[in-house]
Amino acid sequence: MAKKNAAISKKRTVKILADIEKTLAEEKNSRELARQKQLDNLKELALKLHSEGVKSIHVNYSGEGDSGDIDYLHLVRAFGAYILTHEESELIKEITYQFLPSGFEIDDGGQGEVTFDIASCTIKVEHKQRYTEYTESCKEFHFDAVVNKKEDWWA
């Protein structure tokens with residue numbers, strides 16, 4: 420009876436592991452398809468923007484204390500103005516997040532700019548990481564010198 424229960428338990432474990440593996444593979448495939456769709460949409464948008472005279476898109480971001488966000492988008496155009504639709508703006512933001520340095524929003528955080536150069540079909544990320552720096556000092560004073568003010572404490 421114990422051997423039979425062990426065999427059933429082993430079969431269940433194998434099935435559960437196979438189901439988990441299948442689910443992970445499906446999720447990975449789904450993410451890859453979504454990313455490819457975003458990139459295809461970006462190519463389409465880049466062609467449209469190029470035809471409208473847009474030279475580049477500059478996306479500024481910043482973060483700290485475990486939260487970060489896109490601050491603003493700025494278009495450089497040869498002439499006139501071009502207003503992004505909500506959908507175009509959201510697409511650019513979604514794609515920008517894929518290029519941001521991991522952890523840009525952690526602790527003191529970081530900031531930077533992602534430039535989509537439409538003319539040269541390049542994406543450039545300029546990032547500045549913030550951090551806390553401190554210096555340490557240690558001095559030792561003899562009680563007698565302090566009491567009689569024979570030493571300047573922090574000279």
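Its first residue numbered 420, the sequence shown is counted upward by one per residue in my numbering.
Yeah, the Cβ is synthetic: ideal placement off N, Cα and C, and Gly gets one too.
Its chain contains no residue whose beta carbon lies nearer than 7 Å to that of SER428 once the 5 sequence neighbours on both sides are disregarded. Judged by their CB atoms, ILE542 and PHE518 are nearer to each other than the 8 Å cut-off.
Counting only the Cα atoms, GLU555 lies some 34 Å from ASP488.
Sixteen is the threshold: when 16 or more other Cβ atoms of the shown chains lie within 10 Å of the Cβ of VAL473, as they do, the residue is buried. Only residues of its own chain outside the window of five on either side were considered, and among them GLN457, LEU461 have a CB closer than 6 Å to the CB of ILE514, listed in chain order. GLY528 and LEU510 have their C-alpha atoms some 24 Å from each other.
Take the alpha-carbon of GLY482 and the one of PHE535: they are about 20 Å apart. Taking 4 residues as the shortest admissible run, the region 488–556 contains the following complete alpha helix (DSSP H) segments, listed from N- to C-terminal end: 505–518. With at least 16 other beta carbons inside 10 angstroms of its own, LEU494 counts as buried.
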